[in-house]
Structure formats: C-alpha cells, structure tokens
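All residue numbers in the sequence shown are consecutive under the working numbering, ending with 820.
Even glycine gets a Cβ: it sits at the ideal position worked out from N, Cα and C.
A quick note: this is a predicted structure, and the numbers were derived from the prediction, not measured.
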Amino acid sequence: MRRKSSPILVAFPLFLFLVGCHAFGQSGGIRGTVTDAATGVPLPGANVLLRPLETGRERDSTETGGHGAAADADGRVFIDRLAPGSYALRVSFIGYETRVVGDAVVRPGRITMIDAALHPAAYTAGEVEVTAGYFTTLKAEDVSVAAFSGEEIRRSPGSAGDVSRIMMVLPSVAKVNDQSNSLIVRGGSPLENAFFVDGIEVPNINHFPAQGSSGGPLGLLPVDLIRDVTFSAGGFAARHGDRLSSIMDIRFREGDRERILGQADLNFSGFGGLLEGPLGTNGSWLLSARRSYLDLLVSAIDIGTSVAPRYGDAAAKVSFDLSSRHRLVFVGLWSDDHNNPDATTAAENDMQYYGRQDIYNYTGGFTWRALWNEQVFTTTSVSWTGMDFGEEFFKTGSGAPLLFNDSHERWVRLRSETRWSLASALHFEFGGDVKALRGRYDNRYGGVPDELGNPHPEFLFQQDVRGVVGGAHATAVVNPWSVLTVSAGLRAGYVEWNEACSLEPRVSVALQVNGRGSVRVSAGLYTQSLPLLLLARDESTRTLENPRAVHGVVSFSYLLGESTRLTIEGYLKQYDRFPVDPDQSALFLVDELQYRYGFFMPHGALRSTGTAVSRGVECTVQKKLAQGFYGIASASYSAARYTDGEGVERPRVYDNRLIFGIEGGWKPNASWEVSLRWLYAGGAPYTPLDVVASAAARQEVLDATRINGQRHPDYHALNLRVDHRCHFDRSALVVYLSVWNAYNRKNVAGYIWDERHQRVKTLFQWGLLPIFGIEWEF
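See below:
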C-alpha cells in the first residue's frame, strides 16, 4: 500500500489553530423538572442551587443574576442569565434526599435540559442533611449498577463517544480487543446483554454488528443525543427478562422547546450533525445523521489500514405532552454498513477472510408515559426492529468460499410496566412484555473444516421461522423500617420454539448502614432464548432448552464524600443448559464468536448440557466532576470457567483474571479540559495452533490437547485527551485531540495461521492512534 503522511501531522496543526480562538459569548439557561423518583409526581417548591464546577464557588438565588430557583406548581425549574460553563445543581425538598445533578453544560444562547428525580429519605439523623450527593440513589434491587451522564461519555478518553467503550473502565467488564466494543460482563458472552433506548429494546447498538450477538467495532448511537446511561452488570430486577448478564438503559435527551438549534461535527471517523427544536407549544423534536469518510482517508493519508468500510446512521426523538400527566415519545434509529475488501486488501491487513458485507439495521417505537394519580405511573411501549444481512466471504489464503448469508430478521415488541405506591413503605411494580420474531434465511457455508481440523461438508439452509417470546413480572418493595428495604419479585417467561415455561424468582435486601453507607444482597434466576440465527438451523435446534443462570451478589457502597463513592462487590454466576456440539465437546460453543471468525459456523446436532461458572470480587472508587476534578478507579479479580463434554473444567476465552482501570480528568475553567485513561488486563486464555496439523491441512487447526491452555500477554494501554471549548455569540466551538495507546504498546490480538506463508502469525491491536474532532454548536 502506498504510504502517506500520518494523520497526527494533519490533526495537530489544526488543533493548535482552533485552540487559539478567544472565549466570549452571551449567557445561557437551564430548564428542568423535579419529581418523586418512585411515582413521577412533581415536587413543587423544591429548591435548586447552582455551583460552577470550574471554580467550586456555590451560588444561590439571592446573588445577582438569580443563579438558583424554586420549582413551580408543576415541578418545573427555570434559570436564566448563566455564564457559559459547567454547573452542578443541588436539588432539595423536605422529606427527600438532597441530590446533586452534575455535568450541566451551559452554552451561549441555548437551554440545557435537566431532570432531578428525588428519593424519599430513608435515613434521618437530627439536623444532619440527608444526601445522595452526585450519585443517583439505588433502589433495593439495583446492585451492580453504574450510571454515566452524556457529558461523561462524550469526554471519555478512549471511548470516541461510544457508549459501550466507556464501560471498559468498570471492573465487571472484561477487556477483549481495541477493535471491538463487545461487552463481556462477569464472564458472560456478548449474546447475554440487552440494550434499551428510552424504554425501546434495541438488539444491537453497533455498526457492523455480530449477527446473533450484541458486539461490534463501533457504536451507532450519537453521543450528543445521550442524556444518561445506567448499566446493570447483574442481579437486575424481574422487569427485565430474556437476558443472562447485563442491562444497559440509555436515555436520549429532549430537543430544545424554545427555538431551532443545530450542531455540525467532524471527527476522525466521520462527519454529521443534528437539528432540534420545538413541536408546537407542548413538545420537541431532535434529529441526528452521520456518515463515515474512511474510504477518503484511506486514499489520502496513512491511517494504518487499507480497509475502507462505509457506514452511516440516523437517530430521532420526538416528545409531545398530551397533557401535564401524559407524554408520548417516539424514538427511531437507523444504520447502514458496507465493506468490500478484496483478497489483496485482506492479505495486506492480516484478515482471515474477504468479501462483500452489506448490513441494514433499524428500530422505531412509541412510548406512552402516564401518571394516573399520585400513586400510579405506567410506561407502555410498542416497537419494531429489522436487521438485514447480505454477506459473502472467502478465505484469504485459498479463496475457498466460507459463507453466503442472506438473512432478514424482524421483531415486534409490546412492553408495559406499572409502578403503584400503595403507601410510603409499600410499592408494587408489575407488567409484561411480548415479542414476535420472524427470520428468513438463505444461507450457505462452504465445506471448511472445523476448528479442530475435522472435515465438514458444505451446509445449506433455507428457513422461514416465526415465534413468540414473552413474560410477565411482579415485584413488591417493602420498607419495614426506614433503614431496611426488601424487594421480592417473580418473572414468568414463555418461549414458543421449545414451548418452554419458566418461573424466575428474584429477591434483594438493602440495609442503610448510616446516611452514607449501604449493604445490598441479591439473588435470582435468569433464562434466555437462543439467538434466532442458531434456532433457524433445523428443527432439532429449536427444541433445545433455554440457557439459565443463577446470580448471587453482595454489595457494599459508601459515600466517601458528596462527589465520591466506594463500591465493593462479590458475585457468583452459575450457568447451565448451554448448547454443546458433541463433535467439538471440548469447546464452549457460545464463545465461538471470539475464537473463530466472528460469526457462528455450522454445527451438527446440539445438546443442552453446557455448564459454566463465574465468580469474582470488584472494587470501584468513582469521583464525579466537582471543583474541576473527576475520575474512576476500579479493580477486580475473577474466574470464568466452563465444564466441557468430557467433564474437564477449562477457563473461558474471556477469563482475564485481574483487571485494573483508572480514568480521570481536570477541568480548570470553562475552556479547557485534560483527561486520561489507563487500562490493564491479565492475558486472556486461547487455544494454540497445532502447527503440524495446520501445515498439513494448509489452514488453521487448533491443538485439541491444549484447549484454552495458554494465555496472551497482559494487556495495558494509555489514552490521552485534550478538549478546548470556545464560546461565541449564540454559538460554541469544541475541538479535541485524543491519542489512543499513547506509548504504543504492542498488545496481542491473537494468533492466526498465515495460509500464504504457512506459518503462525501474531496479530496486534491498535498501536498509537491519534483521533481529532470538531463540534460546532449553533
């Protein structure tokens, strides 16, 4: 490939030019609502005080400019004439825990929307103020939960605005590969995660998604639409079903309700923009669209690869208040992904296969939020999803056909959830969901030997399959004493493919140690149906049992300060009923996406006899942005193992054992911000290649005597980022420069058999990689 100038030589002078701008501009404002977290009832008269985060100086409503407010009769807050910058809002109301909402970025000529949901004070101590600080108060069933604001995701070094990548700093998420954002949560595979956007389930939130899984190389959700993210790594409540490992709940912000605004973006991977504005007097709309230009970069400069994928995405949110107590929200997502490397390009970039890839992914849905009275609140959503895969792959060395995939998958889902506060010490939550699925497949797999070198004939399947997956749930939350909360729930599930019914009890107990500390214990049973792609293979596959897991979690949380929290957790996950291929009984089939080609290969008759176990201890200290500093440090020690068909216990491919991460930054003023992230992970297990057998077969063959018997070298990398924000009259400009893997660590991605040169070849993850970006808000 013809080498050009490095992108760092292009980005750095541009960065220096743009940071020379002078910061000035007019004031902005904040709008928001204060409500009861359990019922959604407005809290009129709630007090709001502002603190500029760059200086730490607190202001109240008596100061010039009115930097503070009281909520009106509908719980709404209006604060105007604010200087551009970052603010924290201290929200208080009698009988409720005081909460601090951080990362409220005020921009010239714009309105920043915030919402504060306050929890009733469960602990009182005379004249001592009861506060949750910068952290959202956890419910009894909320163990293993982490929350991030949209601003925290945007500025995170090493995330590039990808909501999944920021989770890599958490101790519950294993480190896989820089080129993938797959979430490996407490030893579980990427198949086991669920994503919700404003209550709408989205099967995969990535470009170039792995079919039947939840991972991919790049997120498709625009970070400037994200208001906040709540991530549960286990022990989640009965309202969530059909998933074994984690739940990510993403909320989009609303569009501006006063005037039409816009934003244009340009960064290393693409360009795009968004528009937002009012919808009459009772609503708002928000629209984003982006398109990559990597194909242009590849032909212009050296970015370390000659592969030029093309992708784009669009997102929309429309909110309309039917009345003061009823709101209708529409959310829509769409993406298209295209890649077409030839054999030469594949060999040049150490790719195991080449060919055509065209993927289309869309989800849309309506959510109706109804506050019936002071005690009852209902959320009902209906959504539809489509995923179309057109793929044709060939092996790089031999040119042998590997896969022809013409798949069309559709989901329609109805979900409703009601929260009923019968009394201050007794709450109920109940509801249900049903999902109708259809898959049409015209797929063909080449006669490629399996991972162990066993011959496998060409496999063809043409199927049109339909089915229903549903469930109902009910949970009671009781506060027998102010410091004790007990949550007991039950979920009943049904899967049409195998006519399987399940009862999944879940219970958690939360004890408030004092005004700052709490202990939580949670246990529950979880089941999940297999991916549609696997179920469609043949009739016998659809009769397999649904995989199952038992979660047990013990959690201790303590507020070291208003903006700093310590969390220590221990967990145990016991799996059974996973599919096993008797012809490959030493391998764990659901991990095939990691140790094979990134998609499921054909298998013979399967059995539901696979078992696995994950256990570990995690520690996290998180400091929210206050007085210029923020950060998170985490560490975990864990083991993820499975028992093969011969009864031998082996480590899973995601078993990093020891993980450590630190991320933080400094924001000295409204114009500058500096941040870093350093991650360390123990070497993940892998199966070495059988060199003699691979040479004889002239293709990759795993050593059947050493399944997951060796480990990669330890992983570690440093990411740096500098942001500069300029405020103009009614607009703002943000420019940032980030460097991934700043000291150019050669982290091993894996080992493959080089079919052209007939030898083992080491693949490495990204080296030093500069990333720049420009955002113009107007």
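For residue 25, which of helix, strand or coil comes out of DSSP? Outside the shown range of the chain (43 to 820) lies residue 25, about which nothing can therefore be said.
Whole-angstrom distance between residue 507 and residue 581, CA atom to CA atom: 10 Å
For residue 515, count neighbouring Cβ atoms within 10 angstroms of its own Cβ and tell me buried if that reaches 16, exposed if not. buried
Out of 150, 519, 160, 125, which has the shortest C-alpha to C-alpha gap to residue 132? When each option's Cα is compared against that of residue 132, the closest is 160.
DSSP three-state label for residue 425, please. Residue 425 falls in the strand class under three-state DSSP.
Would you kindly work out how many angstroms separate the C-alpha atoms of residue 632 and residue 529, rounded to a whole number? 32 Å
Please go through the same chain and pick out, in chain order, the residues whose beta-carbon is closer than 6 Å to the beta-carbon of residue 485, but skip the five residues on each side of it. Residues of the same chain with a CB within less than 6 Å of the CB of residue 485, apart from the 5 flanking positions on each side, are 447, 503 in chain order.
Between residue 772 and residue 415, what straight-line distance do the alpha-carbon atoms span, to the nearest angstrom? 41 Å
Can you have a look at residue 786 and say buried or exposed, based on whether 16 or more other CB atoms are within 10 angstroms of its CB? exposed
Residues in its own chain within less than 6 Å of residue 820 by CB, not counting five upstream and five downstream? 304, 773
Between the C-alpha atoms of residue 211 and residue 333, what's the straight-line distance to the nearest angstrom? 28 Å
Grouping DSSP H, G and I as helix and E and B as strand, with all else coil, what is residue 491? coil
Below 8 Å, can you find three or more Cβ-Cβ pairs linking the region 560 to 578 to the region 271 to 291? Verdict: yes, contact present.
Who are the near neighbours of residue 127 in its chain, counting only those whose CB is closer than 7 Å to its CB and skipping five residues on each side? 94, 96, 148, 712
Hey, quick one: how far does the beta strand (DSSP E) through residue 331 stretch, first residue to last? 325 to 334
Where does residue 267 fall in DSSP's three states? helix
From residue 144 to residue 668, what does the alpha carbon distance come to, in whole angstroms? 8 Å
What distance in whole Å lies between the Cβ atoms of residue 493 and residue 629, which are believed to be in contact at a cut-off of 8 Å? The beta carbons of residue 629 and residue 493 sit about 7 Å from each other, so the pair counts as a contact at 8 Å.
What residues match up with residue 609 in a beta bridge as DSSP calls it? 599, 662
Please report the residue range of the beta strand (DSSP E) in which residue 73 lies. 70 to 78
Evaluate contact between the region 219 to 237 and the region 539 to 558, counting only Cβ atoms and requiring at least three cross-stretch pairs below 8 Å. no
Alpha carbon to alpha carbon, what distance is there between residue 572 and residue 155? 40 Å
So for residue 375, helix, strand or coil by DSSP? DSSP places residue 375 in strand when its eight states are reduced to three.
Residue 642 classed as buried or exposed, judged by whether at least 16 other C-beta atoms fall within 10 angstroms: buried
Would you identify the three-state DSSP class for residue 574, choosing helix, strand or coil? helix
Considering only residues of the same chain and omitting the five flanking positions on each side of residue 593, which have a CB-CB separation below 6 Å? 276, 277, 566, 615
In angstroms, rounded to a whole number, what distance separates the CA positions of residue 602 and residue 689? 46 Å
Measuring straight from C-alpha to C-alpha, what distance separates residue 650 and residue 670? 53 Å
Would you call the region 746 to 764 and the region 794 to 803 touching, i.e. three or more CB-CB distances under 8 Å? no
Can you give me the start and stop residues for the beta strand (DSSP E) that residue 794 sits inside? 790 to 796
For the putative contact between residue 243 and residue 425, defined by C-beta atoms under 8 Å, what is the C-beta separation to the nearest angstrom? 7 Å
Could you tell me the distance, in whole angstroms, from the CA atom of residue 121 to the CA atom of residue 69? 11 Å
According to DSSP, simplified to helix, strand and coil, what is residue 604? Residue state for residue 604 is assigned as coil, using DSSP reduced to three classes.
How would you call residue 384, buried or exposed, if buried means at least 16 neighbouring beta carbons within 10 angstroms? exposed
So is residue 788 buried or exposed if we call it buried at 16+ other beta carbons inside 10 Å? Residue burial is scored here from C-beta neighbours: residue 788 has fewer than 16 other C-beta atoms within 10 angstroms and is therefore classed as exposed.
Leaving out five residues before and five after residue 431 in sequence, what residues of the same chain have Cβ atoms less than 7 Å from its Cβ? 253, 401, 447, 449
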